[in-house]
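Each position in the sequence shown, counted from 1, maps to that position plus 19 in the numbering used here.
Heads up, the beta-carbon is just placed ideally off N, CA and C, and yes, glycines get one too.
Since the structure is predicted, the reported quantities are computational estimates derived from the model, not experimental observations.
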Amino acid sequence: MTNEHVKNLLSELCYFDEVDITHTFSVDGIRILQVKCLNIDSQQIFELTYPDSDKVDFHSDIAEAAKAITNIISKGIPA
């Protein structure tokens, strides 16, 4: 998945601001990352959750969030 594809996916998640949508990235059936868009005070915040460690990162910039996601999925392993 390219960085542009990830940016498009993040834009789509935020488009539905009245619905709580979580997108899960998996490799070989193992969840490595979950992402959702939070709309807080009219600002989009991307919440990245790493299921194996329960680590949570927040990104307010779509390019920054896409880069973090692309790095994780290209490795194919949990953070």
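Go ahead and pull the three-state DSSP assignment for residue i.
i	result
S30	helix
V25	helix
V38	coil
S61	coil
Considering only the beta carbon of each residue, do residue i and residue j sit closer than 8 angstroms?
i	j	result
I92	K26	no
I40	L52	no
V54	E37	no
L29	A87	no
Please report the residue range of the alpha helix (DSSP H) in which residue i lies.
i	result
E83	I81 to K94
Within the continuous beta strand (DSSP E) that includes residue i, where are the two ends?
i	result
D76	K74 to H78
Compute the beta-carbon to beta-carbon distance between residue i and residue j, rounded to the nearest angstrom, for a pair I have assumed lies under 8 angstroms.
i	j	result
S153	I64	Look at the range of the chain in this structure, 20 to 98, and you will see that residue 153 is not part of it.
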